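Let me begin by presenting the structure, written as structure tokens, before commenting on it.
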Amino acid sequence: MRSYIIRRILMLIPVLIGISLCIFLIMQLIPGDVISGLLGIEENPELRAQYVIKFGLDQPLPKRYIDWITNVLKGDFGTSFRTDKEIFPEMMSRFKITFQLTIMAAMISWIIAIPLGIISALKRNTWVDAVVRFIALLGVSVPNFAFATLLILFLSLKFQYYPPVGYVGFFENAKVNLQIMILPAIVLGTIMSGSVMRMTRSSVLEVLRQDFIKTIRAKGASERVVIFVHALRNGLIPIITLIGMQIGGLLGGTVITEQIFSIPGLGQMVLTAINQRDYPVVQGCILFIAFIYVMVNLIVDILYTYVDPRITYK
Amino acid sequence: MKNIIEILKGIINIIKQLLKDPIGRIGFIGVFIIVLLSIFAPKIAPYDITEMFTKSKLVSPNGEFIFGTDNFGRDVFSRIIYGAKVSLQVGIISVGISATFGYIFGIVAGYFEGVVDSIIMRFMDVLFAFPSILLALFIVSVLGPSLGNTMIAIGIVNTPVFTRTVRASVISVKSMEYITSAKSIGLKPINIILKHITPNILAPFTVQATLALSGAILTEASLSFLGLGIQPPDPSWGSMLSESRKYMERAPWLAIAPAVFIICTILSFNILGDSLRDVLDPKLKL
Amino acid sequence: MNKRILSIALLIVLVMMVFTACGGNNNSEQTPVSGQEQTAPDSQEKPKEAPPQVLKYGTDAEPVGLDPHTISAVASVRIFRQIYNTLIDVDDNMNFIPELAESWEQPDDLTYIFKLRQGVKFHNGREMKADDVKYSFERILNPETAALGKSYYDSVSTIEVVDDYTVKFVLKEPFAPFMTNLTSLYGAIVPKEVVEENTNLMQVACGTGPFILKEWVPDNKVILTKNPDYFVETEPKLDSIEYYVMTDESSRIAALRTGNVHLIKLPASSISLVEGNDDITIMDYQSNDYLFLGFNLDLDKFKDVRVRQAISYAVNRQEIIDLVYDGEATIAGFVPPAMGRWSMDFANEDLYQQNIEKAKQLMSDAGYPDGFETTIAVGLLDDIRGAGEILQKQLEQIGINATIQNLESGQYIDAWKNRTHEMMAGRNGAGTDPNRSVAFFYSTKGSANVWGYSNPDVDALCDKGKVTVNEDEREKVYKEAQKLVLNDCPNIWMASPMDYYFVRTEMKNYKPTTFNIENFNQVTIE
């Protein structure tokens, strides 16, 4: 077991190096650079030369990569070209916002999806199952920007409601914070609930047909006990995987929703930075998101081996 | 020849089973209609998609323009019909790209294991760790926005999923007895892969492809929302929808038509994929 | 048994993660408590006494930095224009009016002497004096600053502090746009000690303007508070201005409709959304921008002036105005009507009348009877994209089949700079001085002449206009230049649009104008 974990962690190193290299190269390849973005129409060779030196873009590419990555390893993500701000603290405060949004969205998706999934599995091949599945699939089929716009429009036209403007942290003012976060969380959560529902349904189904359930049934346990104690507990295993996927995936997947609801999260930060070609910010954020993603996956995989004894690793 | 008949019989059998499930029926019919629409788009569309009826801009649905007109006075119905073609094209080609690469990488990684496997899978991990919409955005930014590049970008983004699916199936099939015996009688790896492994992974592969198709259409819509989707005057439902947001109150039909079509299309593919999984995935057969 | 415990433990861990996630917020950002009350929607419950004098402005983009000398992004300028002042300003008739300089005189073509207002204080409490003017312009002219406006003031040879309230500029050669350029925020007056302490003014701001920077939370909000020592004693009326970043257009409209913000800026196409809403007023003003279609003159097909003229004849400008701007724009050239006396009327020029026959004739004379294939690169703005699609359709009539390339802003600037486009549609600002409108874009060496256009006669006129101080003569020079450039058609110009502010009726005494768009000094909230 320990050697498995160590091997997995060692495997992360080439992945993270690969990601950092990829994003570094992509930023070099993207047309339009930070200087032309900054100067716009005012650009002239003299001004450009000043900025090339200021940003260290006159250094050879490999040197710039190595400088960047060694600083990152020391925990120094550098400063933004555009705003001159330090990147790491900024990234952390944005991360908290996106993380809160992710958790809220995930919870909403469980509230909607897990009961529906169980019902649908138990009533397999009935009209209830059909309706539930249809709703769930409808959820994953709606583009989130369409849903978000509709929600905003509906609330503002019918109820004269729009959430408070200007993000406030949870501990500064919980009420305002929740008012701001709940709409985007609903949008993300509803859309996510489709896949959670699907996963719950199939894992409950799988558990139900396993031998030990048959044994328990044969022993005369009531149907309720069968479902809640045995089936659900075993069905939890893949759900844990799903939660991991949700958290990992949402961190980078909230971009559009954050933009529509003006949530100053990590997604918004990356998008702004991409548009401004702010290389160190984009590189730092993407590397960070990827890091979180692989870590979450690693943790989930490790937990999985604890929870499910059927899985063994060399 | 005999083989082809066998395969056809198999497909018909699958379709029959699909149609037994009421939900599966909806999905199958939905996909069928969309395919018909896109094939016969030029015949069905009453107007040229770029024709601007400048005197009648933002006209609400009526006998002449059954879905109304947009802010340039173009017929929304014709654009929606052509949009079906574009969306389907994006879906099929991008999934084709990811399925091809996914199949090759997955087979190679799963069959040979060892170093090759590690290299391929680590590379897939790298792609996978990128937030998918951002990866697509990066690729389109680098290549420049166009229909072809959108398809390439979505294709690349989806490749790791296919690779993983194929690899996992290959590994589980490989340990089966008949493969071991095929190896022991000295069959070449390529033959084993083609004749014995491939048929066995077709089921999960097909399911994955159907689901990826709906994902691809959704991703295109998101890219269009971010301003990097398909270029005008090609009508894409995604860009029609995101442009219509400005007219939601003044001309709601502009938003409703593409929204309904996007949702129905994605829904049909999702349903089809979901039902196919039930039909094809023997694990779930009770 | 074990499994069960683990499952529960997992859930607990997850729940804890939620709390740590939220809990983390309070150690990094600390907003004063008073700030929050204003954020909460408190409009409905209490009976109205005097509402807080807080203007809430829903903006479309995050400022990139606040250094007036090195930043030109609209999102930044809108904020630091409230913080900094320039020596002089310009009114809507393009007359110079006092700002930090009370009066000025020009003893000869090369010398400008400014008398400064006394008792003007920077936001740090120190009085602004002639030394600060000298320092500010030295900072701009220092290449290491990389100031965007360096070329505006390059003609300055010496800046002399005569006494605390008198400063004298001596130019190397006569430079007619000099006074106009002083009205630009590129020439904002900044305090030396603040620059030196922070190495630049990107994150900090300290000017003499009506509002003081209080807080800037990235991608969220910027808060400015009233400058109690502002040199106009009765201004500003507001206690503070809060700028909220709301990238999405429909969100901005929704927030305006519900009264969460007082002011937003939107394109013409959104007007109908708020028509009939009694709480919202639309305020428009003639912008100083114009819509253009540019050609890459390196390419053989566009080298021929007949092809460019043919395109000008093929374009129906009124149709573009009707479809893109709902009719709310003026047919214009590259010195739009807002430029007053400098602007030539293009609308009645023959090249501006759609004439397909003539266009076709010109195309076949140029050797393209069947037209050609090309591309139109368009920038991100909605009106440009719309115009691109209409142009594509209109050019089909003379056999030109253009594919549209939507460029994201970085790609647009790249294409602009490296001349990688074939045709390119965009929106340019004409500036406040004709030297900018003409020489910057169409003289051979102009930094924004990205077309490869060169006409020695135009160059000669540009040089002349720069040193001609007599306004009447100068007007003649630039009108002649406009005529020449029009006939050469290095670009096709179409329209100068209106710009719009959507304003809640609670916001009083606000009137945007072309050269004074966001003056909130008189604004009150009722």
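Chains as they are written, first to last, in the numbering used here: chain A, 363 to 676; chain B, 987 to 1272; chain C, 50 to 575. Quick reminder that beta carbons are idealized off the backbone N, C-alpha and C, glycines included. This one's a predicted model, so the numbers in the text were calculated from it and none came from an experiment.
List, in chain order, every chain B residue whose beta-carbon is nearer than 7 Å to that of residue i.
{"i": "Glu457/C", "result": "Ser1127, Gly1213 and Leu1214"}
{"i": "Leu429/C", "result": "Gly1213"}
{"i": "Leu499/A", "result": "Leu1253, Asn1256, Ile1257 and Asp1260"}
{"i": "Ala492/A", "result": "Pro1008 and Ile1009"}
Give the residues of chain C in contact with residue i, contact being defined as C-beta atoms less than 8 Å apart.
{"i": "Asn1057/B", "result": "Ser318, Leu372 and Gly435"}
{"i": "Arg1236/B", "result": "Ser321 and Leu322"}
{"i": "Met1038/B", "result": "Leu372, Ile439 and Lys442"}
From which residue to which residue does the beta strand (DSSP E) around residue i run?
{"i": "Glu555/C", "result": "No beta strand (DSSP E) holds Glu555/C; DSSP gives it neither H nor E."}
{"i": "Asn477/C", "result": "Met472 to Gly478"}
{"i": "Gly107/C", "result": "Val103 to Thr108"}
{"i": "Ile380/C", "result": "Ala378 to Ile380"}
{"i": "Phe344/C", "result": "Asp338 to Phe344"}
{"i": "Asp333/C", "result": "Ile329 to Gln335"}
{"i": "Tyr292/C", "result": "Ser289 to Val294"}
Could you check how far apart the C-beta atoms of residue i and residue j are, in whole angstroms? I think they sit under 8 Å.
{"i": "Pro1146/B", "j": "Leu1113/B", "result": "5 Å"}
{"i": "Leu115/C", "j": "Met251/C", "result": "6 Å"}
{"i": "Thr1196/B", "j": "Gly1259/B", "result": "3 Å"}
{"i": "Val169/C", "j": "Phe280/C", "result": "5 Å"}
{"i": "Val658/A", "j": "Leu633/A", "result": "Val658/A to Leu633/A, Cβ: 22 Å. No contact."}
{"i": "Ala483/A", "j": "Leu567/A", "result": "5 Å"}
{"i": "Gly646/A", "j": "Phe439/A", "result": "4 Å"}
{"i": "Lys217/C", "j": "Thr160/C", "result": "7 Å"}
{"i": "Ile462/C", "j": "Gly437/C", "result": "Not confirmed; about 17 Å, so no contact."}
{"i": "Thr1251/B", "j": "Ser1080/B", "result": "With 8 Å as the limit, Thr1251/B and Ser1080/B do not qualify as a contact, their Cβ atoms being about 14 Å apart."}
At a CB-CB cut-off below 7 Å, which residues of chain A make contact with residue i?
{"i": "Gly114/C", "result": "Arg444, Thr445 and Asp446"}
{"i": "Leu273/C", "result": "Those within 7 Å of Leu273/C in chain A number zero; the least Cβ separation is about 14 Å."}
At what residues does the alpha helix (DSSP H) containing residue i begin and finish?
{"i": "Pro626/A", "result": "It is not in any alpha helix (DSSP H) - Pro626/A carries neither H nor E in the DSSP assignment."}
{"i": "Ile1106/B", "result": "Gly1100 to Ala1115"}
{"i": "Ala483/A", "result": "Ile449 to Leu484"}
{"i": "Glu246/C", "result": "Lys241 to Asn247"}
{"i": "Gln252/C", "result": "Gln252/C -> no alpha helix (DSSP H), and no H or E assigned at all."}
{"i": "Ile1186/B", "result": "Residue identity check: residue 1186/B is Asn in the sequence provided, not Ile. Segment Thr1184 to Phe1211, the alpha helix (DSSP H) holding Asn1186/B."}
{"i": "Ile1035/B", "result": "Segment: none, Ile1035/B is in no alpha helix (DSSP H) and carries neither H nor E."}
At a CB-CB cut-off below 8 Å, which residues of chain B make contact with residue i?
{"i": "Ile453/C", "result": "Gln1217, Pro1218 and Pro1219"}
{"i": "Ile381/A", "result": "Val1112, Ala1115 and Phe1116"}
{"i": "Glu298/C", "result": "Arg1231 and Lys1232"}
Strictly below 8 Å CB to CB, what residues from chain A border residue i?
{"i": "Ser1158/B", "result": "In chain order: nothing, as chain A lies at least about 14 Å away."}
Please list, in chain order, the chain C residues whose beta carbon lies closer than 7 Å to that of residue i.
{"i": "Thr441/A", "result": "What Thr441/A touches in chain C: nothing, since even the nearest Cβ is about 10 Å away."}
{"i": "Met631/A", "result": "Asp268"}
{"i": "Arg639/A", "result": "Gly459"}
Return yes when at least one heavy atom of the ligand COA lies under 6 Å from the C-beta of residue i, else no.
{"i": "Asn1135/B", "result": "Among the components of this structure there are no ligands whatsoever, and the ligand COA is therefore not found."}
4-residue-minimum alpha helix (DSSP H) runs that sit fully inside the segment 203 to 238 of chain C, ordered along the chain: 227 to 231
Could you name each continuous alpha helix (DSSP H) segment of 4 residues or more that falls completely within the segment 988 to 1013 of chain B, going from the start of the chain to the end? 988 to 1006
Can at least three beta-carbon pairs, one atom from the segment 99 to 110 of chain C and one from the segment 180 to 187 of chain C, be found at a separation below 8 Å? no
Please go through the segment 493 to 543 of chain A and give each complete alpha helix (DSSP H) segment of 4 or more residues, from N-terminal end onward. 506 to 520
Can you list the alpha helix (DSSP H) stretches of 4 or more residues lying completely in the segment 409 to 439 of chain A, in chain order? 423 to 435
Does the segment 482 to 499 of chain A come into contact with the segment 522 to 529 of chain A, if we say contact requires no fewer than three beta-carbon pairs (one atom in each stretch) closer than 8 Å? no
Under 8 Å: do the segment 535 to 548 of chain C and the segment 333 to 348 of chain C share three or more Cβ pairs, one atom per stretch? yes
Check whether the segment 480 to 489 of chain C touches the segment 515 to 529 of chain C, counting contact only when three or more Cβ pairs, one atom from each stretch, lie closer than 8 Å. yes
Count the C-beta pairs between the segment 399 to 419 of chain C and the segment 349 to 362 of chain C that are closer than 8 Å, then say yes if the count reaches three, no if not. yes
Indicate whether the contact test is met: 3 or more Cβ pairs, each with one atom in the segment 257 to 277 of chain C and one in the segment 138 to 146 of chain C, closer than 8 Å. no
Do the segment 1122 to 1130 of chain B and the segment 1063 to 1072 of chain B touch if we need at least three Cβ pairs shorter than 8 Å? no
Meets three-Cβ-pair contact criterion under 8 Å: the segment 467 to 481 of chain A and the segment 551 to 562 of chain A: yes
Contact between the segment 439 to 453 of chain C and the segment 412 to 431 of chain C (3+ Cβ pairs under 8 Å): yes
The segment 1014 to 1021 of chain B in contact with the segment 422 to 438 of chain C per 3-pair CB rule at 8 Å: no
I'd like to know if the segment 277 to 294 of chain C and the segment 564 to 575 of chain C are in contact, where contact means that at least 3 CB-CB pairs between them fall below 8 Å. yes
Are the segment 117 to 126 of chain C and the segment 188 to 203 of chain C touching by the rule of at least three beta carbon pairs closer than 8 Å? yes
Spell out a yes or no on whether the segment 367 to 385 of chain C and the segment 546 to 563 of chain C are touching, meaning 3 or more CB-CB pairs, one atom from each, closer than 8 Å. yes
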